[in-house]
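The structure under discussion appears below in the form of structure tokens.
In mature numbering (1 follows the signal peptide of the UniProt record, and there is no 0), the protein residues as written are -28 to -1, 1 to 319.
Listed below in structure tokens is the structure:
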């Protein structure tokens, strides 16, 4: 009887281990969220900081805001990566085929888009803007067939130089729900987020167009429930293992990282670190591309290039580095096949 009981106990213990292993999920990758738009999203787009911190405080911690543009202040710690390009028109982004490179560089699972303000300001018809939206959505789905897409009714407009913009924004917003309904699919739903209702240009903007602190809070509050709903059931995109090439010159280290690559292009990132014992007041990073690559867009540094030779100098705000401190700049590049990682030097 004791032998039987011992065998039964061992069996039950083994079964418990198996049940635990099968019931305990593996650690999942972070869900990647791209804030996409113009200056209302990116310059500085402080509603993103409020939204990020609300998500963190309510338990949504396995998320990653992504974009090829860095944070632009707001004075609040947050994940500031974004795709908010000041002055950009949605129609130009679609016509110039800019989005595929951004998508390939960042691989979002969810896109939250407040776009069209500059198109409305330019008196582009709603049907034309929504045609561009369709192009962008198709590109998102080419990047990720299960992309979840949040599209905003844009906040009201009342710029001093455009008396008609207010009504144009209304007309554009009124056309969005029918477009979204016809564009949405079960695999890749398009959800309309009403940023217009309850927003007042007199009290919620500083110039009739861009949100002030009160407007940022309203935008964050509108995005939050829609984004929380979108987060359910998302399977995160696998993370690419980067290529890292550190190079040291004197008291300055430049470390290159291949942050993403796609047909015809790639994203690079360089971290500059002061490895000396005295403060740096400026830095210069140089490298030579081996395969004809070219930098097409850069942030966090000032570019000068001649053929394969690339020089990047600090911006006014990131040149001073205390001993042990570091800063990062990033860029998008074009390539025609082989993409050998450069070996940057720093001085």
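No residue lacks a Cβ here, since even glycine has one placed at the ideal position from N, Cα and C.
Taking C-alpha positions only, residue 56 is separated from residue 296 by approximately 31 Å.
The DSSP-derived three-state label of residue 259 is strand.
In the three-state scheme derived from DSSP, where H, G and I count as helix and E and B as strand, residue 234 is classed as strand. Take residue 49, set aside five residues on each side of it, and no residue of its chain has a beta-carbon closer than 6 Å to its own. Beyond the five residues adjoining it in sequence on each side, residue 285 comes within less than 6 Å, by CB distance, of 256, 274 in the same chain, given in chain order. Note: residue 84 is bridge-paired with 7, 122 in the DSSP secondary-structure output.
According to the DSSP assignment, residue 147 belongs to the alpha helix (DSSP H) that extends over 137 to 155. Residue 112 is positioned such that its CB atom lies closer than 9 Å to that of residue 119. Boundaries of the alpha helix (DSSP H) harbouring residue 20: 18 to 29, taken from the DSSP string. Between the segment 94 to 105 and the segment 129 to 145, the count of C-beta pairs closer than 8 Å reaches three or more; the two stretches touch.
DSSP places residue 270 within a strand segment (E or B) once states are collapsed to three.
Restricting attention to 37, 242, 17, 263, the CA atom closest to the CA of residue 199 is found in 37.
Counted as a single uninterrupted DSSP element, the beta strand (DSSP E) harbouring residue 162 occupies residues 162 to 166. Sequence-distant partners of residue 305 (beyond 5 residues in either direction) whose C-beta falls short of 7 Å from its own C-beta, in its chain, are 237, 238, 240, 265, 266, 267, 268. Under the 10 Å beta carbon count, residue 179 is surrounded by fewer than 16 other beta carbons and is classified as exposed. For the pair of segments examined, the segment 62 to 77 was found not to touch the segment 179 to 192: the number of CB pairs separated by less than 8 Å stays below three. Per the C-alpha coordinates, the member of 60, 104, 276, 121 positioned closest to residue 83 is 121. Secondary structure of residue 239 (DSSP, three-state): strand.
The three-state reading of DSSP puts residue 275 in strand, counting E and B together. In the three-state scheme derived from DSSP, where H, G and I count as helix and E and B as strand, residue 113 is classed as helix.
Annotated three-state conformation of residue 53 is coil, per DSSP. DSSP places residue 106 in the helix class (H, G or I) of the three-state scheme. Residue 133 has its alpha-carbon roughly 18 Å from the corresponding atom of residue 60.
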